[in-house]
Amino acid sequence: MTNEDPTIPAGVDTARVAQFRDEIDSLKLKGGSAEGEKRLLALGVVLMVVGLVLAIYGAIEVGLQGDFPAQQRAYTAQGSLLGIAFVIVGGALFVRYSLARYLRFWLIRSSYEERANADRIVAAIEHAAGPLDAPVQREITGVPAAPNQLP
Amino acid sequence: MTQPLLELRGVRAAYGTIEVLHGIDLVVLPGQVVALLGPNGAGKTTTLAVASGQLEPTSGQLMVAGRDVTGISPDELARRGLTTIPEGKGIFPNLTVRENLVMATYAGVSLSKVEEVAYGQFPRLKERRTQVAGTMSGGEQQMLAMARGLAVEPAVLLLDELSMGLAPLVVEELYGIVAQIARTGTSILVVEQFARTVLGVADLAAIMVNGTIRQVGPPAEVERELSAAYLGG
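Each protein sequence line maps, in turn, to chains U and B.
Sequential numbering of the first sequence, starting at 0, is according to numbering that gives the first Met the number 0.
Sequential numbering of the second sequence, starting at 0, is according to numbering that gives the first Met the number 0.
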């Protein structure tokens, strides 16, 4: 904004700015999503490890309690089945959040490469035919256009 | 007294263990254009990353519309009207101009509204709407990046190195448009390394060196100090 010709002087709230303030006021703030994702990823790993330990412990105890079917059932339920459930939930969390991170990096990388490729192609075209935004001279008198200009 | 729309209070930020901002204080009032100038590596882009919510400060506060929103996700801010136009023409080069504008409808703005704003502000884009964006000139690509940002009617606009790689005449044209936008009451924080053109449209300028703000003041006053800051004086 130039100070010589201000339509709306600096420091004055327009309707849009007032709306912006209202929307920011009504925001429900929570922590950064990146931190939450990291925590859930770590939780997934912990659940997988704990689940695996529980499942192995349950299986060993089931083997050792050969004469006591009631205790075998208890170890199967509390050890093996709970452990397997932990492994499944932990694995799902791990895949979900590590995949999200991977795909995010892949998207950024892909955008960056596409831009670099487009710049390279444009540079090659300009090198061969002259700048793309140079004035175009069409052939009007039978004399061909200069080689560095697009037809 | 008017409450600032954007404010950084004692912001420190780091990439891993390397701290790049060492306590930044910056205020942008409604409808004000603030130019943040400084040499390469001063921390200007990092300051914008903090201001837009893309980088969480290690200490200090990000205040938007008078509210402490430190740690907010950038898309929350963008949806509400804090728009960033990144360095290096943030467009999709393999998509056409129109397809790039479709990408601006994420915030719930209709395509017809996006096109109306974009083509109204930059008539040249209308002529090129079916052209692949990456094959346009640098200035036109920057116009497209700006059009996409403006289409969502931002309340605060963050511009990163608008002049990068562009001819002086094109830079002048783009800053003419920035001045027009500011006249509608939009607050603008613009980061520049070289272009003194920005000082012509700014209300306030700041020089940033080595992660700290060395001077803040009227553009004419700051311009006199620029060379010394760049040359390490």
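Ideal Cβ positions, reconstructed from N, Cα and C, are used throughout, including at glycine.
Just so it is clear, the structure is predicted and the values come from calculations on it, not from any experiment.
The closest CA to that of U/Val16, considering only B/Gly30, B/Thr83 and B/Val131, is found on B/Gly30. Per the Cβ contact rule, the stretch 191 to 208 of chain B is in contact with the stretch 23 to 42 of chain B (3 or more Cβ pairs under 8 Å). Ranked by how close their Cα comes to the Cα of U/Ser79, the residues U/Thr13, U/Glu36, U/Met47 and U/Tyr56 have U/Tyr56 in first place.
For U/Val121, the enclosing alpha helix (DSSP H) starts and ends at Leu81 to Ala128. For B/Ser58, the closest of B/Ala12, B/Val101 and B/Leu161 by C-alpha to C-alpha distance is B/Ala12. Collapsing the DSSP output to three states places B/Met102 in a helix. Identification of residues in the stretch 57 to 77 of chain B having a C-beta nearer than 8 Å to some C-beta of chain U yields Val63, Ala64, Gly65, Arg66, Val68, Gly70, Ile71, Ser72 and Glu75, given in sequence order. Annotation for B/Pro73: Ser51, Gly52 and Gln53 place their beta carbon closer than 6 Å to its own, counting only its chain and skipping 5 residues before and after. Separation of B/Ala117 and B/Thr104 (C-alpha to C-alpha, rounded to the nearest whole angstrom) is 12 Å. Distance from the CA of B/Gly175 to the CA of B/Phe121, rounded to the nearest whole angstrom, comes to 12 Å.
Under the DSSP assignment, B/Arg78 falls outside any beta strand (DSSP E), being part of the alpha helix (DSSP H) whose first and last residues are Pro73 to Arg79. In the DSSP assignment, U/Gln70 falls within the alpha helix (DSSP H) that extends over Pro68 to Tyr74.
Shown in chain order are the members of the stretch 100 to 112 of chain U whose Cβ falls below 8 Å from a Cβ of chain B: Ser110.
The three-state reading of DSSP puts B/Met62 in strand, counting E and B together. The Cβ atoms of U/Phe85 and U/Leu46 lie closer than 8 Å to each other.
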